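Worksheet for the structure shown next.
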Amino acid sequence: MKPHLILIGYMGSGKSTLGCTVSYPLKQCLIDTDKWIEQKEGHTVSEIFAAHGEAYFRQRETDCLKAMFQEREPRVLALGGGTPLRQENRDLMKQLGFTVYLHAEPETIYERVKGDKNRPLLQCDDPRERIRQMMRERDPVYREAADYILKVDDWDLKRLVNELQEAYRHETAGHQWPQH
Ligand code: S3P
């Protein structure tokens with residue numbers, strides 16, 4: 000089977016929006032891991048964090064990745080920003096498909112997510128500093144996990160979709176991804 004197209008990056012980098020838009024020309028359904036978990040649990044991400052804590056949520060992310068091996072068609076997967084942090088998840092991602100890191104500067108991210116109440120990790124006194132610090136820690140991990148880096152500060156959706164499609168088609172032409 001052709002590999003899934005996997006989008007990673009910090010909160011607010013545009014994984015869901017770009018994933019939804021690119022899913023049409025690729026004719027591959029989008030699976031947003033946050034939404035997948037919310038549906039299974041019957042609660043929002045914020046509610047799951049509040050009721051069970053972050054570790055529980057992180058385990059559900061791993062469950063979600065494992066479930067992706069059962070999909071019969073290649074998909075576009077928009078992963079939660081924290082999913083690639085676990086080594087186990089990065090190993091699963093390598094088997095599942097072609098991973099693209101949507102890279103944005105901290106200030107771009109801050110402008111996109113400020114005032115958003117649905118991101119529990121940013122409900123703090125100084126979200127701008129929190130973003131800077133978390134991005135410093137996460138950037139090397141995202142880079143390690145990625146097969147391709149797409150810069151998204153300049154948000155020209157048409158151009159980004161073209162570049163993403165081009166990279167995915169080029170890298171995966173004739174490629175049979177290893178299966179579980
Ligand atoms: C998180 C990102 C969120 C969500 C949760 C934790 C993170 O997803 O999974 O709030 O640790 O970066 P988005 O990246 O889709 O906002």
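Residue numbers (numbering that gives the first Met the number 0): 0 to 179.
Positions of the beta carbon are idealized from the N, C-alpha and C atoms, including for glycine.
Keep in mind it's a predicted model, so treat the numbers as computed, not measured.
- Residue burial is scored here from C-beta neighbours: Asp33 has at least 16 other C-beta atoms within 10 angstroms and is therefore classed as buried.
- Closest option to Glu60, judged by alpha-carbon separation, among Ala77, Glu70, Arg71, Leu120: Ala77.
- Beyond the five residues adjoining it in sequence on each side, Asp146 comes within less than 8 Å, by CB distance, of Phe97, Thr98, Val99, Glu170 in the same chain, given in chain order.
- Residue nearest to Ile148 within the set Glu136, Pro2, Ile7 is Ile7 (criterion: CA-CA distance).
- Here DSSP, grouped into helix, strand and coil, assigns Gly18 to helix.
- C-alpha of Asp115 to C-alpha of Met10: approximately 11 Å in a straight line.
- Looking at the DSSP output, Tyr100 bridges to Ile7, Ile148.
- If you check the C-beta of Glu143 against the ligand S3P, you find no heavy atom less than 8 Å away.
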